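Chemist:
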Amino acid sequence: RPDHWIKNLTILPGILLAWTICRPQDIGNSIGSIVVALLSTFLIASSNYTINELLDANEDKNHPDRCFRPVPAGRIIPFWGYTQWFLLALGGLTLAWFENKAFFLTAFLFFVMGIIYNVKPIRTKDLVYLDVLTESLNIPIRFLLGWYAIKCYSIPPVSLMMALWMLAAFFMSIKR
Numbered sequence: 001r002p003d004h005w006i007k008n009l010t011i012l013p014g015i016l017l018a019w020t021i022c023r024p025q026d027i028g029n030s031i032g033s034i035v036v037a038l039l040s041t042f043l044i045a046s047s048n049y050t051i052n053e054l055l056d057a058n059e060d061k062n063h064p065d066r067c068f069r070p071v072p073a074g075r076i077i078p079f080w081g082y083t084q085w086f087l088l089a090l091g092g093l094t095l096a097w098f099e100n101k102a103f104f105l106t107a108f109l110f111f112v113m114g115i116i117y118n119v120k121p122i123r124t125k126d127l128v129y130l131d132v133l134t135e136s137l138n139i140p141i142r143f144l145l146g147w148y149a150i151k152c153y154s155i156p157p158v159s160l161m162m163a164l165w166m167l168a169a170f171f172m173s174i175k176r
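Under our numbering, think of the first position of the sequence shown as 1, with each following residue one higher.
Okay, here's the thing in structure tokens:
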């Protein structure tokens with residue numbers, strides 16, 4: 001769902017703050033890393049959206065708006081949807097691997113959060129408070145992806161990370 005990719009731009013504050021604090025010397029290399037980081041993040045987010053659509057298809061068939069999405073409308077064979085999910089995740093994580101270790105581990109956490117949120121037996125999206133807390137955790141994770149794209153290996157302020165998480169949880173609870 002490219003229309004949701006705007007959420008991935010929350011890696012930009014991580015990039016800007018890391019750039020300010022760590023002051024990378026090789027600007028050309030940093031620009032390349034930022035492009036790879038954005039692409040990796042978009043692919044993993046798309047993988048997470050794909051698994052969401054596949055696993056929610058039966059419920060979405062009865063929803064007035066979501067019934068028109070490709071999977072519940074029957075325009076996508078589930079096998080190909082799972083293939084897309086796997087390939088998007090593989091592509092995003094492969095790019096993350098070539099970025100740096102901290103970026104890869106954060107990207108892997110981003111991918112795992114999609115599993116935790118969508119896949120039973122955990123499937124936190126079905127548990128009201130956990131839904132908000134786990135989904136909003138993706139904002140500080142995206143921030144970290146931006147931070148590590150600059151190869152800033154210090155840890156960002158924990159207070160900032162908590163503030164981002166709680167701000168995201170506030171907006172998620174309003175949405176719900």
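The beta carbon of each residue, even a glycine, is placed where N, CA and C say it ideally should be.
Small disclaimer: the values here were computed from a predicted structure and weren't measured.
#1: Could you give the first and the last residue of the continuous alpha helix (DSSP H) run that contains T20?
#2: Taking buried to mean at least 16 other C-beta atoms within 10 Å of its own C-beta, is P71 buried or exposed?
#3: Whose C-beta lies closer than 8 Å to the C-beta of F111 among residues of the same chain, with five residues either side of it excluded?
#4: Which value, in whole angstroms, describes the spacing of the CA atoms of E59 and R69?
#5: Could you round the C-beta distance between A18 and G146 to whole angstroms and report it? I think they count as a contact, below 8 Å.
#6: What does a CB cutoff of less than 8 Å around T41 pick up in its chain, not counting 5 residues either side in sequence?
#7: Return helix, strand or coil for Y49, following the three-state DSSP convention.
#8: With W193 and L137 assumed to form a contact (beta carbons below 8 Å), what rounded beta-carbon distance in angstroms separates them?
#9: Using the Cβ count rule (16 or more neighbours within 10 Å means buried), how would you classify Y117?
#10: Between which residues of its own chain and P24 is the CB-CB distance below 7 Å, once the five residues before and five after are set aside?
#11: Spatial neighbours of N100 within its chain, please: C-beta separation below 7 Å, excluding the five flanking residues on both sides.
#12: Excluding sequence positions up to five away, which residues of its chain have a Cβ less than 8 Å from the Cβ of A234?
#13: With a floor of 3 residues, list each beta strand (DSSP E) that falls wholly inside the segment 140-167, ordered by position along the chain.
#14: Please report the residue range of the alpha helix (DSSP H) in which F110 lies.
#15: Given a cut-off of 9 Å, decide if P156 and G14 are closer than it, judged by their beta-carbon atoms.
#16: Given that a residue counts as buried once 16 or more other Cβ atoms are within 10 Å of its Cβ, and exposed if not, what is T50?
#17: In its own chain, which residues sit with a C-beta less than 8 Å from the C-beta of H4, not counting the 5 before and 5 after it?
Modeler: Based on what the coordinates show:
#1: I11 to C22
#2: The sequence as given places Val at residue 71; Pro does not occur at that position. With 16 or more Cβ atoms within 10 Å of its Cβ, V71 is classed as buried.
#3: I44, S47, N48, A89, G92 and L93
#4: 12 Å
#5: 7 Å
#6: N8, I11, G92, A107, F110, R142 and L145
#7: helix
#8: Past the boundaries of the shown model lies residue 193; the chain is included only from 1 to 176, so the question cannot be answered.
#9: buried
#10: S30, I150 and K151
#11: Y148 and K151
#12: Outside the displayed range of the chain (1 to 176) lies residue 234, so it cannot be described from this structure.
#13: none
#14: First-last of the alpha helix (DSSP H) with F110: K101 to N118.
#15: yes
#16: The residue in question, T50, is buried, as its Cβ has 16 or more Cβ neighbours within 10 Å.
#17: A45 and Y49
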